[in-house]
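Student: Just dropping this structure here.
In our numbering, the protein residues as written are 5 to 414.
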């Protein structure tokens, strides 16, 4: 955006803010409804000339940060966050759900500006503490938000433009906080909001594996009886928090029983496991007997049926896809289901899951989800090409996506 346009936009924002501060309701038609609503909340709580954000207890903030999955995720992508801040002379901040800043990093100029207003770890940036800003709006709305110049209620940040996007738990959807990118108003650019969204997704995809699989891992650490199967890209079985050592065929039998909670007859299970292979039912009975022993007897007969709670990563991925949460499904998708299996039923299920993930991405090619998917399916170039075709020029994910294409063509 040309500087003259930005100057005109800044002047409009200052006029609206002045009108509100001096005459209240006269600003109603001059700003976005969400800004006016936040100004009203702010006016009731703080003076417009507040000098700095209040600081939360330092030790409490540090303890919260150290126990949060956000810390591990941010550490894993910190180089990318720092590079973004330095290249754009931005200050980048990550908050908790109460808009308390947990982590920041700034370019040379913006770092100093941020420190003067307590835009630092421990700073409280909810609008009741420091007035209207993008961090608070994004936390309240659950969507990416921008606040430009005097749209901020506090005059101390009238020279800023801020873009913020919520960061979610990739499995449960719980909002963990926001990531904010801030710089001086004259450096405002239409790509800012998209960049905030990309950075939020970058953090979400870097969440600790144990956190991404929180729905499954609850059983690992729980004292309640339960079976957890991880079948996508791996083969792991956990019973009441203890890993079971099973051979490949036993894992396949267990997976099929998990997919059929109503139970399977001996003949049906045999067909699903072996297809038309020349394997006797006595062989299958021996595998089931071993499984029953490993499961502490929690495998009923006639029909064969598991008698404890069961969770699988397959169910998790398909559930997320049904709910339209494609990015979270990609995060939970570890790869092909039991690669190399010769069970006809599991081969068919593997194809179903792979196609479901792929088709969801083709319909909704979120760039960060596509990048993550590329780690699981590096030669699926069509998904990358569809994503690239839908992105606007200058989108920050384009170089990474092109890199994926180049790597796949080697």
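For glycine and all other residues, C-beta sits at the position ideal for the given N, C-alpha and C.
(1) Give, in chain order, every unbroken run of the alpha helix (DSSP H) that is at least 4 residues long and sits entirely within the region 47 to 96.
(2) For residue 195 and residue 261, I'd like the C-alpha separation in whole angstroms.
(3) Cα-Cα, which of 336, 365, 153 is closest to residue 16?
(4) Apply the 10 Å Cβ neighbour rule to residue 103 and answer buried if 16 or more other Cβ atoms are within range, or exposed otherwise.
(5) Work out the CA separation of residue 211 and residue 392 for me, nearest whole Å.
(6) If you draw a straight line from the C-alpha of residue 258 to the C-alpha of residue 297, how long is it?
(7) If residue 74 sits next to residue 106, beta carbons under 8 Å apart, how far is it from one beta carbon to the other, in whole angstroms?
(8) In terms of alpha-carbon separation, which member of 141, 362, 8, 291 lies closest to residue 321?
(9) Specify the secondary structure class of residue 142 as computed by DSSP and reduced to three states.
(10) Between residue 135 and residue 54, is the Cβ-Cβ spacing less than 9 Å?
(11) Check the C-beta distance from residue 3 over to residue 377 and give it rounded, since I have them as a contact under 8 Å.
(12) Mind checking whether residue 164 and residue 187 have CB atoms under 9 Å apart?
(13) Under the assumption that residue 203 contacts residue 88 (Cβ atoms under 8 Å), give the Cβ distance between them as a whole number of angstroms.
(14) Who pairs with residue 150 in a beta bridge, going by DSSP?
(15) Contact between the region 365 to 384 and the region 329 to 341: three or more CB pairs below 8 Å?
(16) From what residue to what residue does the beta strand (DSSP E) around residue 188 run?
(17) Would DSSP call residue 399 helix, strand or coil?
(18) Report the three-state DSSP secondary structure of residue 272 (helix, strand or coil).
(19) For residue 14, I'd like the list of residues in its chain whose CB is within less than 6 Å of its CB, leaving aside the five on either flank, ordered along the chain.
(20) Report all residues from its chain with a CB closer than 8 Å to the CB of residue 94; omit the five preceding and five following residues, and keep chain order.
(21) Any idea what DSSP makes of residue 242, helix, strand or coil?
(22) Determine which residues share a DSSP beta bridge with residue 8 and list them.
(23) For residue 127, name the three-state secondary structure that DSSP assigns.
(24) Could you check where the alpha helix (DSSP H) with residue 258 kicks off and where it finishes?
(25) Look up residue 18 in the DSSP assignment and say whether it is helix, strand or coil.
(26) Kindly list the residues whose CB is nearer than 6 Å to the CB of residue 25, restricted to its own chain and excluding five residues on each side of it in sequence; keep chain order.
(27) What are the partner residues of residue 105, as DSSP defines its beta bridges?
(28) At what residues does the alpha helix (DSSP H) containing residue 1 begin and finish?
(29) Where residue 276 and residue 42 are concerned, what is the direct C-alpha to C-alpha distance, given to the nearest angstrom?
(30) Rounded to whole angstroms, what is the Cα-Cα separation between residue 238 and residue 343?
(31) Reducing DSSP to helix, strand and coil, say where residue 172 ends up.
(32) Hey, quick one: how far does the beta strand (DSSP E) through residue 299 stretch, first residue to last?
(33) Looking at residue 182: is its Cβ nearer than 9 Å to the Cβ of residue 316?
(34) Taking the beta strand (DSSP E) that residue 231 falls in, what are its first and last residues?
Tutor: A quick look at the data gives this:
(1) 62 to 71, 73 to 80, 82 to 92
(2) 49 Å
(3) 153
(4) buried
(5) 25 Å
(6) 13 Å
(7) Taking 8 Å as the upper bound for CB-CB distance, residue 74 and residue 106 are in contact here, some 7 Å apart.
(8) 362
(9) helix
(10) yes
(11) This structure does not reach residue 3, given that the chain is present from 5 up to 414, and the question cannot be answered.
(12) yes
(13) About 7 Å separates the two Cβ atoms, so the contact holds.
(14) In the DSSP output, where bridge partners are listed per residue, residue 150 has 167.
(15) yes
(16) 179 to 188
(17) coil
(18) helix
(19) 153, 189
(20) 88, 110, 111, 114, 185, 186, 187
(21) strand
(22) Note: residue 8 sits in no beta bridge, so no partner.
(23) strand
(24) 252 to 263
(25) helix
(26) 52
(27) BP columns for residue 105 point to 99.
(28) For the chain, the structure presents residues 5 to 414; residue 1 sits outside this window and is missing.
(29) 59 Å
(30) 8 Å
(31) In the three-state reduction of the DSSP assignment, residue 172 falls in the strand class.
(32) Here residue 299 belongs to no beta strand (DSSP E), and DSSP marks it neither H nor E.
(33) no
(34) In the DSSP assignment, residue 231 falls within the beta strand (DSSP E) that extends over 231 to 234.
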